[in-house]
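The numbering of the sequence shown is this note's numbering, which starts it at 1133 and goes up by one. Glycine included, every Cβ here is placed at the ideal spot set by N, Cα and C. No experiment lies behind these values; they were computed from the predicted model shown. Below is one structure, written out as structure tokens, with a few remarks after it.
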Amino acid sequence: MDLTDWGLLIALSILWGGSFFFVGIAVRELPPLTIVAMRVALAALALGGLLRILGLPMPRDRRTWVAFFGMGALNNLLPFCLIVWGQTQIASGVASVLNATTPLFGVLVAHVLTRDEKMTGNRLAGVLIGFAGVAVMIGPTALAGLGNGLLPQLAVLGAALSYSFAGIFGRRFKGMGVSPLVTATGQVTASTLMLVPVALLLDRPWTLPMPSATAWGAVMGIALLSTALAYVIFFRVLASAGATNLMLVTFLIPVSAILLGGLFLGERLAVRHGVGMALIAGGLAAIDGRLFARLGQHRSASAAKG
């Protein structure tokens, strides 16, 4: 990845890390499934309006819309529902650790299903180091809950696996000539058509009290920033850097969430947070490979001089 890709990946981690803040506010007044449905629906309206302003047409062919629905199912419908159900029975820390397996699944799935994103020693080592960093950051309390509640934990692991398949599936849009902005709009539109009926059936939101302005603001934040803008960046990085590199955002999300909490919520950073961030940085450097290649060249040059 070049510097632009790394910058976009960090921006994406901040947007998705901020989603935990928005959800934490909205969930006090709204059921989780309703939040998810509103999230994708408002994002679809926003991106659809932006396309009209820019004069960009949405594809109308069946092949592209089948791909939009496939991406929406793998990237939104399945993982969102699995995580929502899983977190009703397990702690968020355990869910975060399990969700951080996404890059590991991504490396394995990409190795099997692609020709240009094969597993390398550096890539596998970097993913394992990054996963260890996430586990250290979240702390031993969360890890102590692993193994309690097998089905909900398998559900979150299933969500991570679904995300990894979504990364591979989404590569096709570049070959189809669909831009990241149009792809993001198509995905959230398809997700809306699938999720809204489920939310209406299960949550019956018309029977709920009217949410406060604070809750509405949180829903708007998660829809416009953590979904609409985030998915435009998501498909841009996917097209330029590939699925395996894109999945690395899962390591950066806890870093962003913890740093945002320290900066804006006054939360104190513990020693384990620094250690975890250092491990994640080392894992990302191993996956990127350039730093270690330069160190190797420097050692070779020094040895030659000696």
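CB of residue i within 8 Å of CB of residue j, strictly
| i | j | result |
| --- | --- | --- |
| methionine 1170 | alanine 1355 | yes |
| glycine 1187 | alanine 1375 | no |
| proline 1164 | valine 1216 | yes |
| glycine 1107 | glycine 1262 | A question about residue 1107 goes unanswered here, because the residues of the chain that appear run from 1133 up to 1438. |
| methionine 1409 | methionine 1251 | no |
| serine 1294 | leucine 1230 | no |
| leucine 1378 | valine 1364 | no |
| valine 1155 | valine 1320 | no |
| alanine 1158 | alanine 1347 | yes |
| proline 1337 | alanine 1345 | no |
| serine 1151 | serine 1358 | yes |
| methionine 1203 | phenylalanine 1301 | yes |
| methionine 1308 | threonine 1196 | yes |
| leucine 1162 | proline 1329 | no |
| threonine 1382 | alanine 1232 | yes |
| glycine 1265 | isoleucine 1412 | yes |
| leucine 1141 | leucine 1391 | no |
| isoleucine 1385 | glutamine 1285 | no |
| alanine 1199 | phenylalanine 1366 | no |
| leucine 1443 | alanine 1291 | Residue numbering for the chain in the displayed model covers 1133 to 1438; residue 1443 lies beyond these limits and cannot be assessed. |
| alanine 1362 | leucine 1135 | no |
| valine 1314 | leucine 1183 | yes |
| isoleucine 1167 | valine 1351 | yes |
| leucine 1209 | alanine 1360 | no |
| alanine 1257 | alanine 1417 | no |
Residue environment, residue i, which counts as buried when at least 16 other CB atoms sit within 10 Å
| i | result |
| --- | --- |
| leucine 1334 | exposed |
| proline 1211 | buried |
| valine 1288 | buried |
| valine 1259 | buried |
| proline 1235 | buried |
| alanine 1267 | buried |
| isoleucine 1185 | exposed |
| alanine 1389 | buried |
| arginine 1255 | buried |
| threonine 1317 | buried |
| valine 1403 | exposed |
| leucine 1340 | exposed |
| valine 1387 | buried |
| arginine 1282 | Sequence check: residue 1282 is leucine here, not arginine. Exposed, by the Cβ-count rule. |
| threonine 1081 | Nothing can be reported for residue 1081: it is not among the residues displayed for the chain, which extend from 1133 to 1438. |
| glycine 1181 | exposed |
| glycine 1299 | buried |
| glycine 1149 | buried |
| glycine 1139 | exposed |
Element boundaries [alpha helix (DSSP H), containing residue i]
| i | result |
| --- | --- |
| methionine 1308 | Element bounds for methionine 1308: n/a, residue is neither H nor E. |
| alanine 1350 | 1345–1355 |
| serine 1296 | 1282–1301 |
Residue i Cβ short of 7 Å to the ligand MG heavy atom set
| i | result |
| --- | --- |
| alanine 1410 | Absence of the ligand MG from the depicted structure is noted, as is the absence of any ligand whatsoever, leaving it without description. |
Taking only runs that begin and end inside the segment 1153–1233, name each unbroken alpha helix (DSSP H) of 4 or more residues, in chain order.
1164–1186, 1194–1204, 1210–1218, 1224–1231
Give, in chain order, every unbroken run of the alpha helix (DSSP H) that is at least 4 residues long and sits entirely within the segment 1365–1417.
1375–1378, 1381–1396
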